[in-house]
Amino acid sequence: MTKADLADKVYEKVGLARKEAVEMIETLFSSMKSILSEGESIKITGFGTFLVRKKSSRRGRNPKTGEEMEITARKVITFKPSLEFKAVVEKA
Amino acid sequence: MTKSVLIEKITEKVSRDIGITKKQTEIVIETVFESIKDALIKGEKVEIRGFGNFKLRSRRARKARNPKTGESVEVPPKKVPYFKVGKELREMINKA
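Top to bottom, those sequences are chains C and X.
Residues in the first sequence are numbered consecutively from -12, following our numbering.
Residues in the second sequence are numbered consecutively from 397, following our numbering.
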C-alpha cells in the first residue's frame, strides 16, 4: 500500500475530489514531518505515538574496517504502537 | 501534539486551496490510519515515500514468568507493528 492507495481510500470515504484527496494525504504527511522536525512527538489515538528521541554521541566501530570512530549526537524517530493497534495485529 | 492539533494544522493549511472543514480533515486522518492498520492485518506492507514504512514483525514464542506468582507461562508467537523511518524524514530531523 502506498500514498496513492491511501488517497483512493480517502476519496471513497470523504466527499472530496480525487485530486483533493491526494493533496490531503500529501499535506498530512508533510505536516507530520515538519512537526517531528521541530522535535515534537505526535500521538494518534488508537494508532500510536511517533516519538523524537535524542541520542548522545558515542564511540562506535566501522563494522567493515574495524576502525573506531565517533558517532555524532542525533535525533531518531521511534514509533510506539497503541495497545489497540498491537492487539489487532497480534494474530495476523 | 495530538490528533486534534494535527487536524487544526492541516485544515488551516489545506483550506487555502480547497474548501475543507475540520470534520472532513478528521475523517481523512481517521481513514488514513485505519487503512494502514487494515493493510497490515491483511499482511500488506505500507510504504509512505519520504515518511517511512509500516510492516509487521514476528516475535517468537517465549517462556515468561508471572511476576506476581513466579509461575512460568508460555507466551505464544505474535506479530507486532514496526515503523521504519524514511530517509528524507531521518535527514530532516537532524538538520535543525
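The beta-carbon is built from N, C-alpha and C at its ideal position, and this holds for glycine as well.
Note that the coordinates shown come from a computational prediction; the quantities given were computed from them, not determined experimentally.
Hey, could you find the ends of the beta strand (DSSP E) residue i is sitting in?
i: X/A435; result: No beta strand (DSSP E) holds X/A435; the alpha helix (DSSP H) holding it covers K418 to I437.
i: C/I58; result: E55 to I58
i: X/G415; result: Taken as a continuous stretch (DSSP letters only), X/G415 belongs to no beta strand (DSSP E), as it is neither H nor E.
Using 8 Å for Cβ pairs, my map puts residue i next to residue j. What's the rounded Cβ distance?
i: X/K475; j: X/R453; result: 7 Å
i: X/K405; j: C/S24; result: Wrong, their Cβ atoms sit about 14 Å apart, outside the cutoff.
i: X/T427; j: X/I416; result: Going by Cβ atoms, the distance from X/T427 to X/I416 rounds to 14 Å, so no, they are not a contact pair.
i: C/K42; j: X/M488; result: Actually they do not touch by this definition, with Cβ atoms about 16 Å apart.
i: X/I444; j: C/K0; result: That pair is no contact at about 18 Å.
i: X/K464; j: C/T14; result: Wrong, their Cβ atoms sit about 48 Å apart, outside the cutoff.
Alpha helix (DSSP H) containing residue i: first to last residue?
i: C/V76; result: L70 to V76
i: X/T486; result: It should be pointed out that residue 486 of chain X corresponds to Arg in this sequence rather than to Thr. Segment K483 to M488, the alpha helix (DSSP H) holding X/R486.
i: X/I406; result: K399 to V410
i: C/A(-9); result: K(-10) to K0
Could you tell me whether the Cβ atoms of residue i and residue j are closer together than 8 Å?
i: C/A60; j: X/G439; result: no
i: C/I58; j: C/R45; result: yes
i: X/M397; j: C/I22; result: yes
i: C/I31; j: X/F429; result: yes
i: X/K399; j: C/V75; result: no
i: C/F37; j: C/F16; result: no
i: X/R461; j: X/E467; result: yes
i: X/L436; j: X/P477; result: yes
i: X/V481; j: C/M(-12); result: no
i: C/K(-10); j: X/N490; result: no
Can you give me the Cβ contacts of residue i inside the same chain, cut-off strictly under 6 Å, excluding the 5 residues immediately before and after it?
i: C/E71; result: G33
i: C/L(-7); result: I12
i: C/G26; result: V39
i: X/N449; result: E443 and K480
i: C/P68; result: G35
For residue i, is the beta carbon positioned less than 7 Å from some heavy atom of the ligand FMN?
i: C/R45; result: Among the components modelled here there is no ligand, and therefore nothing to report on the ligand FMN.
Tell me which residues share the same chain as residue i and place their Cβ nearer than 8 Å to its Cβ, disregarding the 5 neighbours each side in the sequence.
i: C/V(-3); result: L3, A8, M11 and I12
CB-CB under 7 Å to residue i, same chain, minus the five flanking residues each way: which ones, in chain order?
i: X/I425; result: K399, L402 and I403
i: C/E55; result: R46 and R48
Worksheet item: Considering only residues of the stretch 10 to 37 of chain C, which uninterrupted beta strand (DSSP E) runs meet the minimum length of 3 residues and lie entirely inside it, listed in chain order?
Response: 29 to 31
Discussion item. Give the list of continuous alpha helix (DSSP H) stretches no shorter than 4 residues that lie fully inside the stretch 431 to 479 of chain X.
Written reply: none
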